[in-house]
Every structure is written in structure tokens, then in C-alpha cells.
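Encoded as C-alpha cells, the structure appears first; notes follow it.
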Amino acid sequence: MFLAQIANAPQLPDLPPGPSLDRVRGPIEIPPYEPWQIGVMVTLAVLVLGLLIWGIVRFIRTRSSRSQSELPHLTALSELKTAAELTKEDDERFAVLSSLALRRYFETGKGIAALGRTSREFLQALDRQPQINPEARSSLTEFLEHCDRVKFAQASLTEAERNALTESATALIAQFEQAVEATPQEVQPQ
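Written as C-alpha cells, this is what we have:
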């Protein structure tokens, strides 16, 4: 009986037409990264590269300045020699360059503020330094006074006076370098 009812059942209407296959698109390609993600990665890469270059440049500068600051006495001796050679006719320039070489030696090698100070201020700063003996201080005072006379009072120098000034500055540098070498030996415990 159930089968008879199914056989007599009314027919179902036809299905409406479905979507047509000619309007179906293929899969949409999604890029692996969004444009903003690419921009962030490029920015980070540039930042890391910039920091790396900055670090390398800083390392090179520190290394070169360290090598220069390790040998201030050699630099000062070279400056004194150059001042004597290049200023044979100009006494004032010789005095300026010679005193500048010695002052730069004290500034870089000894940590004593000498540049941008008058001779008197510089000598007063030396009074606070225990490594400077009275003999060296008097030699330095004579050297600076002689250079100041040439620079400010337009005193002239003979060839012998030029040589004496250069030798005096060289001896001062040697004396201070010997004092530095002798100091660590005295500090060592016995």
C-alpha cells in the first residue's frame, strides 16, 4: 500500500535553472604578504643595515682615535719637528705651533686642560698634578714665557733660540714620559 501511494503521488515540479558555469571564476590568488607587511620588513631591514653601518663606523673611529691617543708624545714630537721645519722665517708662527704642540700633548696625553687657556691658567692647572716636579715646571714656565714673548711682544728668535726652544720642549716631553713609566713600578706591591 505504501508503494501504491508513492506511485500515485503527484509529480514534483522541474527545478529552476541553476547558476551558469560560464560565470564561474577560478581561484583568487592571495599574495603571501600584504603590501603593508612588505613595507614594514623593508623598513626594518634598512634600520638594521643602518645600525650595522653605524656600529662599524663607530668601531673604526674609536680604534683610530685610540691608536692616536696612545702615542701623544710621538705626535707632539712630530709637531715640534714640523713647526721647526716649516716656519724658518716666521718666529711668531713657530712659537704658536711649538706651544700648541706641547699644550696638545698635555691635553691628550696627560688629561690636563691646556688648550684654550692662558699660560698662567695652564700653569695653575699643573700645580694640582702630583706627577710634575718643580724642575719640570720651571722648564715649562720658561718655555711658555719665551713663546708668549714671541707671540705677543713680537720678540724675534735666533736660530740658536729656536733650537733651544725645540730641545726644551722635547726634553719636557721625554721627562714626562719617563715619569709615567716610573710611576707604575713604584706602585707595585713588594
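Quick note: the sequence shown, position 116, residue 115 per numbering that gives the first Met the number 0, numbers continuous. Backbone N, C-alpha and C fix where the C-beta goes; we use that ideal spot for every residue, glycine too.
Proximity winner among the options, relative to residue i (alpha-carbon distances)
i    : options                : result
T165 : A152, E134, N132, E141 : E141
E106 : D89, A75, A8, D90      : A75
S138 : A112, R57, T42, L122   : L122
I172 : T86, P26, R136         : R136
A196 : L114, A83, P133        : Residue 196 is absent from the structure shown; the chain starts at 0 and stops at 189.
V92  : L11, P16, S155, A8     : This sequence places Arg at residue 92; Val is not what is there. That would be S155, whose Cα lies nearest to the Cα of R92.
F175 : I131, P34, N162        : I131
R116 : P133, L143, P129, E134 : L143
Y32  : D21, R62, V41          : V41
Boundaries of the alpha helix (DSSP H) in which residue i is found, first to last residue
i    : result
D147 : 133-151
Q123 : 118-125
L99  : 90-104
P71  : 71-85
Buried versus exposed call for residue i [16 or more other C-beta atoms within 10 Å across all chains shown]
i    : result
S118 : buried
P188 : Interpretation of P188 is limited by its pLDDT of 40, a score under 50 that renders its predicted location unreliable; the figure taken from the coordinates is listed afterwards. That one is exposed.
Y104 : buried
I59  : exposed
E152 : Per the sequence shown, residue 152 should be read as Ala rather than Glu. By the neighbour-count rule (16 or more Cβ atoms within 10 Å), A152 is not buried but exposed.
V186 : Confidence at V186 is low in this model, with a pLDDT of 41, below 50, so its placement is unreliable and no value can be given for it.
S161 : The question names Ser, but residue 161 is Arg in the sequence shown. Buried, by the Cβ-count rule.
L96  : buried
A170 : exposed
A94  : buried
Rounded distance between the beta-carbons of residue j and residue i, thought under 8 Å
i    : j    : result
S98  : C146 : 4 Å
A168 : L70  : Between L70 and A168 the Cβ distance is about 17 Å, and since that is not below 8 Å, they are no contact.
A112 : A124 : 6 Å
V149 : D89  : About 10 Å separates the two Cβ atoms, so there is no contact after all.
L85  : R102 : About 18 Å; that fails the 8 Å criterion.
G110 : H72  : About 14 Å; that fails the 8 Å criterion.
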